[in-house]
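Down below is the structure, laid out as structure tokens.
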Ligand code: ADP
Ligand code: MG
């Protein structure tokens, strides 16, 4: 079964730091799909990622505009497909051209367009952690393809270094764990998903 890396963050800034750690591993053509309900921290994660790629422009949610394009060390295409109703609308945006360009492509709500994603990509699911904590998130990294397994391993080392430099962790809880179990609503509910219990 596929192994996933789970990283716990306790603030938006910590999620940005993990995004920055991932950025260090990214190359043109890489595709990152982000999932998790509204407010999970997808855009915050992209802020850290893009900032570390040298994007100076303020990174905001593309939920209305659908696509934001930034220039850092490499071009970054940041999509949010939440409001799109069909694969055709995503294709009409030029999605395949983005994939063929030498940009790094980051898609919020990427699981909604799973069939359009390349076979090799990184999926990141963001979940609410401890229900008593407003700010805790679990970032679940699922590599698709051996290159991504290696990139996630490297990211982990960088993220560990950056996070320990940034914040004292006195919780005694491990921040990183590898799991083969599916992380689902049964374990920890996603943001705002109270009605399903
Ligand atoms: P999404 O793009 O998934 O809808 P955003 O990134 O726009 O979500 O918003 C996440 C919100 O949650 C922000 O207001 C952010 O400050 C807050 N937040 C609190 N704790 C965290 C955390 N650990 N990681 C990311 N965001 C967090
Ligand atoms: Mg968003």
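Residue numbers (our numbering): 264 to 460.
The C-beta atom is built at its ideal place from N, Cα and C for all residues, glycine as well.
All of these numbers come straight from a predicted model, not from anything done at the bench.
Less than 8 Å separating the beta-carbons of residue i and residue j?
| i | j | result |
| --- | --- | --- |
| residue 392 | residue 278 | no |
| residue 390 | residue 400 | yes |
| residue 312 | residue 285 | yes |
| residue 370 | residue 268 | no |
| residue 301 | residue 373 | no |
Is any heavy atom of the ligand MG found at a distance shorter than 7 Å from the C-beta of residue i?
| i | result |
| --- | --- |
| residue 328 | no |
| residue 371 | yes |
| residue 296 | no |
| residue 230 | Limits of the chain in this structure are 264 at one end and 460 at the other, which puts residue 230 out of reach. |
If you drop the 5 nearest sequence neighbours on each side, which residues of the same chain put their C-beta closer than 6 Å to that of residue i?
| i | result |
| --- | --- |
| residue 266 | 441, 443 |
| residue 315 | 283, 286 |
| residue 412 | 406 |
Grab me the residues of residue i's own chain with a C-beta within less than 8 Å of its C-beta, minus the 5 sequence neighbours each way, in chain order.
| i | result |
| --- | --- |
| residue 310 | 279, 282, 322 |
When every heavy atom of the ligand ADP is checked, does at least one fall within less than 7 Å of the C-beta of residue i?
| i | result |
| --- | --- |
| residue 305 | yes |
| residue 430 | no |
| residue 382 | no |
| residue 426 | no |
Check for me: the beta strand (DSSP E) holding residue i runs from which residue to which?
| i | result |
| --- | --- |
| residue 382 | Neither: residue 382 is in no beta strand (DSSP E) and is coded neither H nor E. |
So the candidates are the options; which of them puts its Cα closest to the Cα of residue i?
| i | options | result |
| --- | --- | --- |
| residue 336 | 274, 419, 287 | 287 |
| residue 364 | 289, 377, 346, 340 | 340 |
| residue 352 | 379, 430, 426, 394 | 379 |
| residue 320 | 338, 430, 304 | 338 |
Counting only the same chain and skipping the five closest in sequence on each side, list residues whose C-beta sits under 7 Å from that of residue i.
| i | result |
| --- | --- |
| residue 325 | 331, 341, 342, 343 |
| residue 317 | 335, 336 |
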